[in-house]
Amino acid sequence: MAKHIQKEIKQGVESWISLGNRRPHLSIILVGDNPASKTYVRNKIRAASAVGICSELILKPKDVSQEELLDITDQLNMDPRVSGILVQLPLPDHVDERTICNGISPEKDVDGFHIINIGRLCLDQHSLIPATASAVWEIITRTGIQTFGKNVVVAGRSKNVGMPIAMLLHTDGEHERPGGDATVTIAHRYTPKEQLKIHTQLADIIIVAAGIPKLITSDMVKEGAAVIDVGINYVHDPVTGKTKLVGDVDFEGCHDNEHLNISRKHAETSRFSNQMNLLRRKLALSLQFQEVWDP
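Heads up, the sequence shown is in this note's numbering, so the first residue is 35 and it goes up one at a time.
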């Protein structure tokens, strides 16, 4: 699936350029030296290059002022060669993330974090959708998972992941933006485990993005349910002694649960699909979004 998406985007980029348009350009602002943030940015740059999208990385020290970051976003907003802007989160404590995200022009807001894009998402209007939520939707539609009238549990309530996923899935599908017409239950890290289990055992679809390793186990999933794991956790591997990347679902402890093991493919695909959907929306800034954007 990921390779197919990558091919589609690359073809779209080349088709756009062949019409005489400027090659899409993504500007990424990275503050500090957080290892995870560096990894995410490196992957985004690599994915952009793979589909023919230009990118630039603007590095700033962790003590950079909020005013300087706003000056940078202002400059990028006015730069005609820049079609998309991304500020890698999290930011240092002295910088207000909401202020910085709102400092990016809504039409160049690749992450979909600007208050206008969030508002349009909540109002079922066309908007730039946060990458992970867009990736989850892509996985659901491309694998033929039915959402109409289904019970869905979203484990995770973050404004950047859990909330937009829930919004997409419960929205009326007849609006201008896609919607799943599902009955959605939102759980989070403070939902008692037994209560969470009650909800997940009734769910046709479980989407996990809580940042808690092994939050979902095989006994919490009914037969035939689809499980999409977008959790990202770094844990110690006692076998190798190194740090490894795991999700929120205990796939390793589910070897005797065939239907949950099959769902592993969704989790594996979502990692790359997340990057590809970010770039898909980045391309949409040039190809489509400017034509329909009407704040």
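Every residue gets a Cβ at the ideal spot worked out from N, C-alpha and C, and that includes glycine.
With respect to the C-alpha of V186, the residue from H128, V116, V170 having the closest C-alpha is V170.
Cβ contact annotation for V116 (same chain, cutoff 7 Å, sequence separation greater than five): H59, S61, L110, K142, in chain order. Under DSSP, D263 takes part in a beta bridge, and its partners are V242.
For the set G207, T181, G275, T277, the Cα lying nearest the Cα of I240 is the one of T181. In the displayed model, K231 falls within a helix according to three-state DSSP. The C-alpha of E101 lies about 13 Å from the C-alpha of R132. Leaving aside the five residues that flank D206 on each side, the residues in its chain whose CB is nearer than 6 Å to its CB run, in chain order, G213.
With respect to L155, M201 sits close: the two C-beta atoms are nearer than 8 Å.
Just measuring C-alpha positions, the residue of P126, I138, I51 sitting nearest I106 is I138. G213 sits in coil when the DSSP states are folded into three classes, being neither helix nor strand. A direct Cα-Cα distance of roughly 7 Å separates A82 from C88.
Going by beta carbons, H160 and G190 fall outside the 8 Å limit.
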